[in-house]
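One structure is given below, encoded as structure tokens.
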Amino acid sequence: MDLRVGRHAVLGEMEGGKLVTIYVDGVPLKAREGEPIAAALYAHGIRTTRYSPRLGEPRGPFCMIGRCTECAMTVDGEPNVRTCMTAVRDGMRVDTPGRPGE
Ligand code: FES
Numbered sequence: 320m321d322l323r324v325g326r327h328a329v330l331g332e333m334e335g336g337k338l339v340t341i342y343v344d345g346v347p348l349k350a351r352e353g354e355p356i357a358a359a360l361y362a363h364g365i366r367t368t369r370y371s372p373r374l375g376e377p378r379g380p381f382c383m384i385g386r387c388t389e390c391a392m393t394v395d396g397e398p399n400v401r402t403c404m405t406a407v408r409d410g411m412r413v414d415t416p417g418r419p420g421e
């Protein structure tokens, strides 16, 4: 079953981007250029995009249209990037904030 997002409610059609490599917490993953980072993570079975600051509980994308901020991650060193609204680029580094033990 293909878990990729074909059409995003805000960003439009997502089909056809070339395969590139992104690094998620240092692990290389294949993603389609132009698709939302959160969609690329979802396609690889990654549901946790951050951990809550107080209790350290895993959180994941909820709205996928840039409203809830549950998908906020650190992208290329910039914190609090909404990954549901940020397109994949080759070589980008995506880190999960608040990982237990950090
Ligand atoms: S999932 Fe809600 S802002 Fe990204």
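Position 68 (the sequence shown) corresponds to 387 in my numbering; numbering is contiguous. All residues carry an ideal CB built from backbone N, CA and C; glycine is no exception.
R408 and E352 look like a contact to me (Cβ under 8 Å); what is the Cβ gap, rounded to whole Å?
-> Position 89 of the sequence shown, counted from the start, is the residue given in the question as residue 408. Position 33 of the sequence shown, counted from the start, is the residue given in the question as residue 352. Right, their Cβ atoms sit about 7 Å apart.
Would you report the Cα separation of C387 and R378, rounded to the nearest angstrom?
-> In the sequence shown, counting from the first residue as 1, residue 387 sits at position 68. In the sequence shown, counting from the first residue as 1, residue 378 sits at position 59. C387 and R378 have their alpha carbons spaced roughly 11 Å apart.
Quick one: what's G331 bridged to in DSSP?
-> On the sequence shown, position 12 is the one that residue 331 refers to. Note: G331 sits in a beta bridge opposite H327.
In the DSSP assignment, what are the bridge partners of L422?
-> A query on residue 422 cannot be resolved here, the shown segment of the chain reaching from 320 to 421 and no further.
Comparing the CB of G364 with every heavy atom of the ligand FES, is any distance shorter than 7 Å?
-> Indexing the sequence shown from 1 puts residue 364 at position 45. Relative to the ligand FES, even the nearest heavy atom lies 7 Å or more away from the CB of G364.
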